[in-house]
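Residue numbers (the numbering used here), protein chains in the order written: chain V, 1 to 648; chain A, 649 to 1024.
Take a look at the structure set out below.
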Amino acid sequence: MIKKTGNLNKNKIISRRLFVLVAAKIGLLGIVTSRLYNLQISQKQKYEVLSDKNRIREWKTPPQRGIITDYFNNVIADNQRVYQVHLSLEEVSNFNNSIFKLKNIIGLKEDEIKKIYEKKEKSKPWDTLIISENLSWKEFSKLNLYLHELDGAKPVLSTSRYYPYADDLVHVVGYVGDATTQDIQNKKKIEENFVPGLKVGKIGIENSKDTDLIGNHGIKRYEVNASGKKISEISYNKETQGENLRTTIDLEIQQLAQELLKNQAGSICVMDIYTGEVITMASSPTYDPNKFTHGISTKDWNEINNNKLRPLLNKSLAGLYSPGSTIKPLVALAALEYGIIDTKFKVNCKGHDHPYELYGERYHCWKKNGHGLMSMRNAIKQSCDIYFYEVARLLGVDKLSLIAKRYGLGSKVLEDFFSEEKKGIVPSTKWKKQVLEQPWYLGETVITGIGQGYIQTTPLQLCLMTAQLANGGYKIKPKLIYDKEIDLDKIKSKIESEKNKSVSQNILKDHEFKHYERLYRNPNNLKLVLDAMYGSTNEQFGTSFKSRHNEDKYKFAGKTGTSQVKRITDQDRELDLDLKEIEYKSRDHALFIAFAPYDKPRYSLSVLIEHGGSGSKAAAPLAKKLIKKILDRHELREKIRKDLKNIA
Amino acid sequence: MILSTSLNSTSYSFFDKLKAVDYFLIIIVAIIGSISVVSIYSTESGNFSFYTKNHLTRFLVFFSMFLVLSFVRVSVWYRQAYIFYILGILLLLLVIFFGISASGSKRWINFFIMNLQPSELMKIAIIVCFARYYHRIQSSDIQSYKYLLQPIILLLIPCYLVITQPDLGTAILIAGSGLAIIWLAGLNLKYFVYSGLILLVSLPFVISFLKPYQKSRILTFFNPDRDPLGAGYQIIQSKIAIGSGGFLGKGFLQGTQSYLEFLPEKHTDFIFTLFSEEFGYVGSMVLILLYALLIYRIIRIGFSSRSFFAKLYCFGFASALFLYIFVNIAMVLGLLPIVGAPLPIMSYGGSSMLSIMLGLSIVMSCKIYSRDTIGN
């Protein structure tokens, strides 16, 4: 019985103890289920996002750049099919081995291999490395032959920038290259659309219009596993191509200009005098922008960089030159506008024996025997220096400076479109005091009158100056990109209404002009200057008479200029050496400005040949050829203009 | 009653035995087994290959074994209890000399047909051994030092052997199962409170003896983001998988976390995670409910048994089973540190399946021979 009660007791204890255990179990079960509830119901969304982040990885696909065309829709910057080899890092078992094999198959150079290793350092284990961007068909087919030995290597058909008229347009279009850290920092658009291998504009329109040209990258979403291997494509947001751009350039005229400049250093600019459309902006020598697309080789770079004629310098807008005698129409106009002289004013040019003298300094005319008694028209036509010494002295540099700036000198023609554009120097007494901290001497005014001394201009500025004289004295807005808002008829009617407006008192004071506003006081002054330029090209004794067109429809007016690069000493004058006998670097720059056709002006141009000698011999003949081409293509251009207007 | 205390005194006809079988329990085990096969099939992204085939074979073999061994008389287990225990210890010692190492620990012995993990068998052996041990001891004697010390030594030997493998998880489960029976037998509460306090005080000391990876696991448990790609990776990925499963789950074979291999150890310790990701809150609750029913049935059998051995065994096994399930699920839910404990029946692994089925067969034997009193 004792045992029995003991057993009963034991039974009770076990049951009681079990009860406690079961209670504890129920409690723990409660914790587990509430935890499950918390994870799967309360926090479901959070974990869903985390799960997607785990399994979905995005790959950005590079956008195609917009196409750039000339005014006639000729493609000048294209996207071309290229053969590339990519290496998918996650599929490579032995990187060194793969690179060694690739080296033998496609012939990688040591410096290229070094770059690949540098790139590999920066990439993530699931990234794809671009081993070679531009394989020849032969290399590409060889690669395909050996592909089975190369784990992770992928032959890829891609597109890259291609410039079909390579050398002819590099100074306008520019070129592209890999985005640097700076590029990414500076341009939001690049930052937003950055994809490894993305090309960005380095100079020219490619750089200025990068934001429009780049386009938007695409996104491919893949499901990946824990080791990053792609399992399946989930979605593909296709990349969008950048905007196509139509420039104002006429490819044929541009090509002719480059042809005319061949083997010389210089620039040719052509502009529509009403719309401001830059039709040609040639700079010589030039170079091949295609070499930059996939990274230029050291050899090619050195060749370009060490060329003494400086191909990298865009001479049209970053080359600074004394305008020489091309400034004379402006000096004459300023003097007339301010009423310093009238049309009857005459100066006697008596040759080198009797130079112009001022405070003991002697100033010579270029013509040894002198021009004789010169009126304004004759002085422009024959480019008499003595006349302009005197006019400049009477006018004063500050008034000259004001008018010169008004017609486009001393400021950037394309505003900030090209970062490399220079604004040049239009000197004044104030400028000299501020910049050089020296007083102005009258002698400096005298030489400024013939475009020497401190004055510095770019060829594009001279072209704009000519355009704003030729269009009757109205401010225009030069541009390189076609703008459908700019309408020729509207501009002409605006100018017409400006013409009849009464002139304000302030017209001769420093004043900010709006586009298409009239810049002159008295239309007769301008007429006289333009007429003198006509004489210069079309009448005997005119400095560019030899480059005239006899056919009426090609008749143009121009002004030569010869800009000294060093002071002419009495000894030089004595020797009067032939061009070829002077050292290249000491030869004068040859300049010529013109507008055509004379009776109904439409185009202006400037020609500059570095160290080409005299303007009449080296520059004006190029203008003659060019003007014929420009005018021959005028109808075609007008037709396109109308078509574009109708589309708009 | 007193007279009929001799062993095997009661005779059972075959029909009685069949009638006494708890079919409900068998059905629950079969359902959980089917779920486990389906889950392992899902870990292989729906391919009927290596793991699924192995798991299915093992389940079928051990399930049949469970049914057959159920008819072994419970008194046989009673008599062989210490042999079972000693066999377990011997096997654990064998592991030290002939064991197979995998991922840094030596836990298995190669038995040609399968790699046996003796520590899994020890989980059952300790329960059988303790049930027998306390079967005869009067509740009044239990508090004596002799009866206090003996079981502690019996418990410490296998725990030490398993910890040094090293396998902290299984050692904890063995210790837990043993303690559950000591508790059931009626050891005074104060001893549990004292030893609990001693453990708490010596905890920093114990931790200093832990292997670096074990320390890291514990630190990671308190802050999984400490090392998200290293030690914290498993628990973070497991929580993501379970959490993203939501109410109804991602669907069968649709669990991206496991399919895309973010989930580690998905066949074994993290099988619940995979199941929960694919079948959601509803599925998880159903599985937990099935386990609860299983435990309930075992406890019920314990109540209906007349011998203390059977009672202690059933209650002890039910508590141990609960402990295995709780530790595993709490672990994958991030409630406990990752210690490496399989989910009974669900996890891939022959030894675990073997020991659970063996344990269940003893339970069933208690049911069939419930009238046996084994000399109470």
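C-beta: ideal position from N, C-alpha, C; glycine also.
Within-8 angstroms CB hit, residue i to chain V
i	result
Lys-959(A)	yes
Thr-904(A)	yes
Arg-948(A)	no
Arg-910(A)	Just to set this straight, residue 910(A) is Phe in the shown sequence, not Arg. Taking Cβ atoms only, chain V reaches closer than 8 angstroms to Phe-910(A), which makes this a yes.
Tyr-795(A)	no
Ala-978(A)	yes
Trp-831(A)	yes
Ser-1018(A)	no
Val-1011(A)	no
Phe-956(A)	yes
Ala-828(A)	yes
Gly-834(A)	yes
Leu-1006(A)	no
Ile-1022(A)	no
Chain A contact for residue i (CB, 8 angstroms cutoff)
i	result
Arg-55(V)	yes
Asn-144(V)	no
Thr-33(V)	yes
Arg-310(V)	no
Gly-152(V)	no
Ile-203(V)	no
Glu-48(V)	yes
Lys-230(V)	no
Arg-17(V)	yes
Ile-41(V)	yes
Ile-14(V)	yes
Tyr-220(V)	For clarity, residue 220(V) is Lys in the given sequence; the question names Tyr instead. False, the Cβ-Cβ gap to chain A never drops below 8 angstroms.
Ala-23(V)	no
Tyr-162(V)	no
Glu-91(V)	no
Ala-77(V)	no
Where residue i falls: helix, strand or coil (DSSP)
i	result
Trp-440(V)	coil
Phe-595(V)	strand
Trp-59(V)	strand
Ile-41(V)	helix
Ser-700(V)	For chain V, the structure presents residues 1 to 648; residue 700(V) sits outside this window and is missing.
Ser-654(A)	Note that Ser-654(A) scores 43 on pLDDT, short of 50, meaning its location in the model is unreliable and no value can be drawn from it.
Ile-675(A)	helix
Leu-508(V)	helix
Met-762(A)	coil
Ile-744(A)	helix
Gln-80(V)	strand
Gly-681(A)	helix
Ala-332(V)	helix
Arg-161(V)	strand
Ser-283(V)	strand
Ile-68(V)	strand
The ligand PLP heavy atom lying under 7 angstroms from the CB of residue i
i	result
Lys-138(V)	Judged by which ligands are present, the structure shown has none, so any question about the ligand PLP falls away.
Identity of the residues DSSP links to residue i by a beta bridge
i	result
Met-271(V)	Val-278(V), Ser-604(V)
Ala-379(V)	DSSP output for Ala-379(V) lists no bridge partner at all.
Cys-349(V)	Gly-372(V)
Leu-87(V)	Leu-129(V), Ala-153(V)
Chain C within 8 angstroms of residue i, Cβ atoms only
i	result
Ala-940(A)	No chain C is part of this structure, whose protein chains are labelled V and A.
**Request:** Identify each residue in the stretch 878–901 of chain A for which the Cβ-Cβ distance to at least one residue of chain V is less than 8 angstroms, and report them in chain order.
**Result:** For chain V, the residues of the stretch 878–901 of chain A that bring a beta carbon within less than 8 angstroms of one of its beta carbons are Gln-885, Lys-887, Ile-888, Ala-889, Ile-890, Gly-891, Ser-892, Gly-893, Gly-894, Phe-895, in chain order.
**Item:** Continuous alpha helix (DSSP H) assignments of at least 4 residues falling wholly in the stretch 100–154 of chain V
**Value:** The stretch 100–154 of chain V is shown to contain whole alpha helix (DSSP H) runs of 4 or more residues at 110–122, 137–145, in chain order.
**Message:** Can you pull out the residues from the stretch 923–938 of chain A whose beta carbon lies closer than 8 angstroms to at least one beta carbon of chain V?
**Reply:** Against chain V - using a Cβ distance shorter than 8 angstroms - the residues of the stretch 923–938 of chain A are Ser-924, Gly-928, Tyr-929, Ser-932, Met-933, Ile-936.
**Asked** Name the residues in the stretch 962–994 of chain A whose C-beta lies less than 7 angstroms from a C-beta of chain V; which are they?
**Response** Hits within the stretch, in order: Phe-963, Ser-967, Phe-970, Phe-974, Ile-977, Ala-978, Leu-981, Leu-983.
**Request:** With 8 angstroms as the limit, tell me which residues of the stretch 767–796 of chain A have their beta carbon closer than that to any beta carbon of chain V; keep them in chain order.
**Result:** Of all residues in the stretch 767–796 of chain A, only Gln-786, Ser-787, Ser-788 place a beta-carbon less than 8 angstroms from a beta-carbon of chain V.
**Contained alpha helix (DSSP H) runs [length at least 4] in the stretch 195–252 of chain V, N- to C-terminal order** = Taken in chain order, the whole alpha helix (DSSP H) runs of length 4 or more contained in the stretch 195–252 of chain V are 204–208, 210–213.
**Residues, ordered as in the chain, of the stretch 683–700 of chain A that lie near chain V by beta-carbon distance below 9 angstroms** = Result list empty, no residue passes.
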